[in-house]
Structure formats: structure tokens, C-alpha cells
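Residue numbers (the working numbering): 13 to 574.
Remarks on the structure that follows.
Laid out in C-alpha cells, this is it:
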């Protein structure tokens, strides 16, 4: 471009001088138009913009790195173009050579918009700190890793700044470059990313161009997955445009937006905001109709949201129960099914209405069918544990719940086994149920669980046994197992991290009437443990201690008499 002896090859200072010379010329022309009352309202607005330019130029040029930064020169060129348009438009108005009044009004409105953009962009250029990062020449960075890194950071800063400066097409070009840089050098991008860059990206999410929205959400998805700027993104308002993309974006837009929401919803506060911004319905619809990746991301997001108790009723009102049950049965990815199971676990944790809804929608049969498959079982078993109180004895038998719980105790993961043991506790609401559970063959498996490494596993196994052993049949089954007494005695350990000790006391108390069991308890050191537990006021410890002491004395006297 060449303009009055100034072209692209000229220095930044040359362009600054040129713009300074143009300002009074444009201002005089604009004031002249106002005097003849041609479009006076719009020209007064143009005059107000022109009067702001000298201060803007002063702020821009007073920075020590002004002449070394390419963006300064580009902005001066943009301002020069606007000033030239002011002069040309003023002459058309003075000579009344414009093509129609409405067209001239539209042209002047567009000119005012460009001038606003010039002022805004120059202000942003100063605020972003870009002027403090002088562009390093290739000669000054050669041979030094540190300087090369500094040059890379500076180039990325300039690129990110371009997301905020200029018209939409120039931002689009900058966005293309950012997408490529993120693929090759994500670490350096994250190192220099600022909050203003995040704000610019969020604004581009609402651009009219589908391509720009897709590229922007791709960058945002990468940023979210990096785990480095979630708070900035949320505070700059990323949730509403992401939700809109899930609702009505292109296939790429929906997928990237859903993945972004999946990560962001790991925060309970952000999950609440997603609900508040109307995100539940679009996510549920994506579970119904989305492709495999989008479906899985939406399911995981809803699973995360369902972990927040106060929003579960909102989820239910949007129809989440039926959708998750269907997803559990026929999700396109295995991950989708697992997320659905976790979501049902959360939904049934405490809300009785939701429990009834899951049962009435056929959720129990679907959960049991899921248990027969190859996927992780913990969440499905935990959901069933939450639901067993809502199942009649007849249903319990007809659905074959107990055999499946026993199978999980035999071969499930540690977490699934714990959930199964906890479910057994809840199944045992009557003596009849307790006897049925004991007859299912779970007692030896629970005794074995008492040896598990996790404290939580030992605790839930001891709790299940203490519940079952109130029935005589089950007490006999426990006595038959040679590991039961030594395992239970080990759980009398008084250490604070051992939460199973209170249940171990109950279990041992229930079989302490057996002479054989008492001898075993004494031989494995139960009395020493019970002395300490008695001091800690553990229920039943004092009574069991006294019973064992008496048994020990009788044993000693018996030996002397013999």
C-alpha cells in the first residue's frame, strides 16, 4: 500500500508522522460538513472519535518499544485508512456527490464503527502488554536456547494479541495460526496465555461464521484439557456459548463443546452454573442423538453434574433417568455405559423420588444386565445398593440379585466388592432376607474380605457380617470358616484408621457363646485388644472382654483340677 509517499516498507515512525498530519486535515473537513448541516449527527460522532486520536497516538508512541513492534505499525496503517476515508466522505458530503441519502448514512455508520475499532484496538494493544515484548530479530536470537525460547514466546504473544485486534477476517487468520501452534507447541502457548487472550477466544465463540466457531472451540477444548485455565474460562463467560454449541452447533462444534463441558463440570460450582445456564436439556438431547464421542462426553458431563445433590431434581425433570437407563443398555461406547451407571448411582444416592423413578423405568433389570457384561461394575452395584430398599422380597428373588452380588464378591474389583458387601447390608432388612443371603454362599467371601488391604473394604465386610450374624444359620456358617475368628480378632486393632473394630466386636460377641470360638479368640490375642477398646468405649467391648476373661479363668482352673 502506498499513501502520500508512505508505504508498507516505511518505518513505524514514518507512519506515526503521517497519521499525525492527517488528523487535523480530517478534523477540519468533518467540522466543515457539520457547518453545512449535512448528516450533522453522524459527523459530530466522527469528530468526537477524531478528537480522541491524538491522545491515543501519544500513549502508543511513548512506549519505549513502540518502534520495534509490528502491531504498532499495522494499527497506524489502519488508523490512516480510516482518516483517509473521513476526508473522502467529507468531500462527498460537501459536494453532495454521494449515491443516495440512505447509502451515505450507512457508509458513515460503517466509518464510525471502523474508527471505534481503531481506538479500541490501540487501547488493547497497550493493555495487553504486547508493547513491552519487543520482537526479536533472527540475528539476535541465534545460538541461544534461552533467546530462542524468548523469541517463540514473543511471537506467540503477538499471535494471541491478533485475536483481539482488527476486523473479523484478520482474527480468523490469527485463529488459524493459533490452531497450528497449539498442535506443535502447546506448552509455550500455555506459558504466555493471559486472561485477555481467554476473553478474546470466548468472544469468538459467538462469531457468525461456523468455521470460526469450530476453530475457536477446538482451541478452547485444548486449553480446557490442559487443565491450566478453567477458572479464567468460566469467569470470562465460556459456559453459555459452549452450551449453545452443544444445542445447535455443527458436529465438530458439538463434540468439542461437550468435551470442554465434561472437563469444566468436574468442579461442583461450575456444574451448578451449567444447570443455571440451561445446559441440562441440550446435554440430555446429545445423549439421545449425538455421535459416539459427543454422547460419551455429554454422559460424563451429566454424571459430574449429578454428583451435586441440589440439582438432581432438575435433572430428573428434564428426563435424565430414562435417558441414562437407555444409555446403560445401548450406549455406543463402553465409556458411555460406565458414565450412565455412575450417573444412576449419584441420582439414587438419597432422593427417594428418583429411586422410585429408576425402579419404575426398569432400571434394576438394566443394571443387572450390565453386571453380566465386561465393564467395571462398581457404580452399577452401588446403584443397586441404593435401590434394594425399594425392592420387594419377591422381586429380589425373581431378578436374581443375590447370585449376582455373590458373583461380584467372588471376582469383582475391590471397589465393586465393597459396593456388593454394602448392598448385602441393605438387603438384610428382615430375618428371612438375612437367611436367604446366608444361604447364597456369600459368608465365606465376606470372611475373606476381612483380609483385604483397604480399610474401607474390611469395614464394609465386617459390617455385613455383623448384620447377617443375628440369624443362627449365618452364625453357624461363620463358625465353620476357620479364618473367621482370626480375621475378626485382627480387626480389633484399636488404631484410629481401623473403622472396622466396632463391627468386629459385634461379630465376635455373637459367637462368643461357643467354647471353641472363645478359645480361638483368646489364643489370637483378643483380650489385649479388648482392654484398649474398653478404654475407648467401643460398644460391646467390655461385655466381650469380661466373657473371655471368665473363659480364660475357667480354662486355667480346669487344667489345675486335672
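For glycine and all other residues, C-beta sits at the position ideal for the given N, C-alpha and C.
- Remark: C-beta atoms of residue 299 and residue 311 approach each other more closely than 8 Å.
- Taking 8 Å as the cut-off, the beta carbon of residue 127 is found closer than this to the beta carbon of residue 58.
- Of the residues assessed, residue 180 falls on the exposed side of the cut-off, its CB having fewer than 16 other CB atoms within 10 angstroms.
- For residue 133, the three-state secondary structure derived from DSSP is helix.
- With at least 16 other beta carbons inside 10 angstroms of its own, residue 489 counts as buried.
- The straight-line gap separating the alpha-carbon atoms of residue 295 and residue 374 is approximately 22 Å.
- Separation of the CB atoms of residue 437 and residue 475 is rounded to 6 Å, and the pair is thereby assigned contact status at 8 Å.
- Cβ-Cβ distances below 6 Å link residue 94 to 126, 127, 130 in the same chain, with the five nearest sequence neighbours on each side left out; the list follows chain order.
- Where residue 452 is concerned, there is no enclosing alpha helix (DSSP H), because DSSP gives it neither an H nor an E.
- Collapsing the DSSP output to three states places residue 384 in coil.
- By the C-beta density criterion, residue 253 is buried, having at least 16 other C-beta atoms within 10 angstroms.
- A Cβ-Cβ distance of about 4 Å is found for the pair residue 318 and residue 358, placing them in contact under the 8 Å criterion.
- The beta strand (DSSP E) runs lying completely inside the segment 410–488 and spanning 3 residues or more number zero.
- Contact annotation: residue 62 and residue 28 have beta-carbon atoms that are not nearer than 8 Å.
- The alpha-carbon of residue 297 is positioned some 34 Å away from that of residue 186.
- Assignment of alpha helix (DSSP H) within the segment 191–252, counting only whole runs of 4 or more residues, yields 207–216, 222–238, 242–247 in chain order.
- Rounded to whole angstroms, residue 105 and residue 36 show a C-alpha spacing of 18 Å.
- Per DSSP, residue 551 lies in no alpha helix (DSSP H) segment and is marked neither H nor E.
- A direct Cα-Cα distance of roughly 20 Å separates residue 169 from residue 90.
- With respect to the C-alpha of residue 553, the residue from 519, 532, 531 having the closest C-alpha is 519.
- Residue ranges of uninterrupted alpha helix (DSSP H) with 4 or more members, entirely inside the segment 34–113 and ordered along the chain, are 52–73, 82–107.
- If you check the CB distance, residue 393 and residue 435 come in under 8 Å.
- According to the DSSP assignment, residue 336 belongs to the alpha helix (DSSP H) that extends over 332–342.
- In this chain, the alpha helix (DSSP H) harbouring residue 397 covers 390–399.
- Secondary structure note for residue 292: its alpha helix (DSSP H) is the uninterrupted segment 292–301.
- For the pair residue 197 and residue 231, the Cα-to-Cα distance works out to about 13 Å.
- For the 8 Å CB-CB criterion, residue 467 and residue 510 form a contact.
- The C-beta distance from residue 340 to residue 366 rounds to 15 Å, too long to fall under 8 Å, and the pair is not in contact.
- Taken through DSSP and simplified to helix, strand or coil, residue 19 comes out as strand.
- Secondary structure at residue 543: helix, using DSSP grouped into helix, strand and coil.
- The straight-line gap separating the alpha-carbon atoms of residue 376 and residue 548 is approximately 42 Å.
- A distance below 8 Å separates the beta carbons of residue 426 and residue 464.
- Taking the Cα of residue 71 as reference, the smallest distance to any Cα among 50, 43, 133 is reached at 133.
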